[in-house]
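Visitor: Counting in the numbering used here, the sequence shown runs from -6 upward without gaps.
Backbone N, C-alpha and C fix where the C-beta goes; we use that ideal spot for every residue, glycine too.
If you're wondering where the values come from, they're calculated on a predicted model, not measured in any experiment.
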Amino acid sequence: MNAQLNTKRIAGLLTAAGLASTLVACGGGGYNSSNPPAPVVPAAPAVGAIFAAKALVSDIAGVAPTTDANLINAWGLVFNPTGASWIANAGTSTSTLYDGNGVKQSLVVSVNPGALGAAKPTGIVFTGSATDFKISSGGATGPSRFIFSGQAGTIAAWAPTVDGTHALTVVDNGASGAVYKGLAIANANGANLIYATDFKNNHIDVFDANFKPVTLAAGFKDPAVPAGYAPYGIQAVGSSIFVSYAQQDATGKIQVKGAGLGMVSQFDTSGTLIKDLVMPGGVLNAPWGLAVAPANFGTFSNNLLVGNFGDGKINAFDVTTGKLLGTVSDSTGAPLVIDGLWALQFGNGVLSQPTNTLFYTAGPQGTTHGQYGRVDFVK
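1) Using CA coordinates, which residue listed in 339, 313, 287 and 370 is at the minimum distance from residue 323?
2) DSSP puts residue 175 in a beta bridge; with which residues?
3) Tell me whether the region 343 to 353 and the region 269 to 276 touch, counting them as touching only if at least three CB pairs, one residue from each stretch, are closer than 8 Å.
4) DSSP state of residue 170, grouped into three classes?
5) On a Cα-Cα basis, can you pick out the residue from 297, 364 and 279 that is closest to residue 286?
6) By DSSP, does residue 60 sit in helix, in strand, or in coil?
7) On the three-state DSSP scale, how would you describe residue 35?
8) If you run the structure through DSSP and keep just helix, strand and coil, what is residue 273?
9) Is it right to say residue 134 is buried, meaning 16 or more other beta carbons lie within 10 angstroms of its own, or is it exposed?
10) In this structure, how does DSSP classify residue 293 when only helix, strand and coil are distinguished?
11) Between which two residues does the beta strand (DSSP E) harbouring residue 282 extend?
12) Could you check the C-alpha separation between residue 148 and residue 295 for me, to the nearest Å?
13) Which two residues bound the contiguous beta strand (DSSP E) that contains residue 358?
14) Which partner residues does residue 91 have in the DSSP bridge list?
15) Check the C-beta distance from residue 267 over to residue 229 and give it rounded, since I have them as a contact under 8 Å.
16) Once DSSP output is grouped into helix, strand and coil, what is the label at residue 102?
17) Output the distance between the C-alpha atoms of residue 373 and residue 139, rounded to the nearest integer angstrom.
18) Using a threshold of 9 Å, state whether the C-beta atoms of residue 290 and residue 339 are closer than that.
19) Enumerate in chain order the residues of its own chain whose CB-to-CB distance from residue 194 is below 7 Å, with the five nearest sequence positions on each side excluded.
20) Could you check which residue in 67, 90 and 121 has the C-alpha nearest to that of residue 113?
21) Taking just the CA atoms, how far does residue 333 sit from residue 359?
22) So what does residue 198 bridge to, in DSSP terms?
23) At a cut of 8 Å, does the region 117 to 133 reach the region 55 to 67 through at least three beta carbon pairs?
24) Straight-line CA distance for residue 263 to residue 184?
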């Protein structure tokens, strides 16, 4: 998914939780299983945790302080470590930038199409490497800073020294039916890799720093994933990669909404299964957004937050055991519901983007519109 979190902060968190060095290998098996796991009994909501959601930007006038026509089906979200947020807009194949108050930045990046047409970008990651993920065009070569996955089966990269207003297509697997729904970036055995969830082909495609395909021996295999499910969202957190799964429709391209239809598994960066963290049958509903909360996010501090595209709710789970801890709720105790919820990311501490504020993207009204907003812990 979508984006790489602050690895120094999260690495310490995972070490404290015992996740950074404890790996559990899984032998054999693929993504599908004919025997879905037993349902998870939901836990009672957390008591006394109050959160407030605020829309910052929308394509619809009057919904939020800022109106931006490019913000349609706002999907992937990542922060420049020292700057504004970057959003992948699947509806317009653009990326737009905002500060923590929703003030639009001047740069708008167009994500180039693939052979099948518009890229329809979903995931987005930041890379700060000076030597990896280089692209070339018009006689210029330079390292990428932001990389996008697209539903057209494409990977596109933006390098400011190569083309300041376009992300150039560097991988096009549309002809093989790839539908990339999410993107993550991490280091495995000293090499920087990107990981794209191919929802249609039920696979996680991995690429090296030259955008060449990589085959990992472990291959992100998890025999507990039910038949008809496929990798959907993906998030690198320190030395782990969390993958959310959703049920496929008859075409294999679209997620099925429904209570209990979702799963989250944890892998290492080499694709070896660590554990099945959250099983189907509980509160998940086409889950895509994944984030680990910082130590000052109230009741849900240091825990895994999972956003449901299906019902717009954000649920918190123990990052070690997967136990359901509750649902992000307002002052009345009612769950916050964000129509068409996609990405979840905590701020970077600059430009009014606090590190304990949860920023989100959404494609409301059946992904025909877009929204960017924030969730703050009140008390």
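Guide: On the basis of the data shown:
1) Here residue 323 refers to the residue found at position 330 of the sequence shown. Checking every option, the nearest Cα to that of residue 323 belongs to 370.
2) By 1-based counting over the sequence shown, the position of residue 175 is 182. BP columns for residue 175 point to 190.
3) no
4) The residue given as residue 170 occupies position 177 in the sequence shown. Coil at residue 170, not helix or strand.
5) On the sequence shown, residue 286 is found 293 positions in, with the first residue counted as 1. Ranking the options by Cα distance to residue 286, first place goes to 297.
6) Indexing the sequence shown from 1 puts residue 60 at position 67. In the structure shown, residue 60 sits in a strand (DSSP, three-state: E or B).
7) Taking the first residue of the sequence shown as 1, we reach residue 35 at position 42. For residue 35, the pLDDT reaches just 49, beneath the cut-off of 50, and the residue's location in the model is therefore unreliable, although a value from the coordinates is still provided. Residue 35: coil per DSSP, three-state reduction.
8) Position 280 of the sequence shown, counted from the first residue, corresponds to residue 273. Here residue 273 sits in coil by DSSP.
9) Sequence index remark: in the sequence shown, residue 134 carries index 141 (1-based). It is exposed - the Cβ of residue 134 has fewer than 16 other Cβ atoms within 10 Å.
10) If you number the sequence shown from 1, residue 293 lands on position 300. Here residue 293 sits in helix by DSSP.
11) For the purposes of this step, residue 282 is identified with residue 289 of the sequence shown, where counting begins at 1. Run containing residue 282: 280 to 285, per the beta strand (DSSP E) assignment.
12) Residue numbering aside, residue 148 sits at position 155 when the sequence shown is read from its first letter. Residue numbering aside, residue 295 sits at position 302 when the sequence shown is read from its first letter. Approximately 32 Å between the Cα atoms of the pair.
13) Your numbering for residue 358 matches position 365 in the sequence shown. Looking at the DSSP string, residue 358 is not in any beta strand (DSSP E); the run it does join, the alpha helix (DSSP H), is 357 to 360.
14) Along the sequence shown, read from residue 1 onward, the residue named residue 91 stands at position 98. In the DSSP output, where bridge partners are listed per residue, residue 91 has 78 and 97.
15) In the sequence shown, residue 267 corresponds to position 274, counting from 1. In the sequence shown, residue 229 corresponds to position 236, counting from 1. With a Cβ gap of about 13 Å, residue 267 and residue 229 do not count as contacting.
16) Here residue 102 refers to the residue found at position 109 when the sequence shown is read from its first residue. If DSSP states are grouped into helix, strand and coil, residue 102 belongs with the strands.
17) Since the first and last residues shown for the chain are -6 and 372, residue 373 lies out of range.
18) The residue labelled residue 290 in the question sits at position 297 within the sequence shown. The residue labelled residue 339 in the question sits at position 346 within the sequence shown. Yes.
19) The count along the sequence shown starts at 1 and reaches residue 194 at position 201. The answer, listed in chain order, is 170 and 171.
20) On the sequence shown, residue 113 is found 120 positions in, with the first residue counted as 1. Taking only the C-alpha atoms, the option nearest residue 113 is 67.
21) In the sequence shown, the residue the question calls residue 359 occupies position 366. In the sequence shown, the residue the question calls residue 333 occupies position 340. Rounded to the nearest angstrom, the two C-alpha atoms are 7 Å apart.
22) Here residue 198 refers to the residue found at position 205 of the sequence shown. Answer by DSSP bridge pairing, in chain order: 189.
23) no
24) Position 270 of the sequence shown, counted from the start, is the residue given in the question as residue 263. Position 191 of the sequence shown, counted from the start, is the residue given in the question as residue 184. Each residue's Cα considered, the two are about 10 Å apart.
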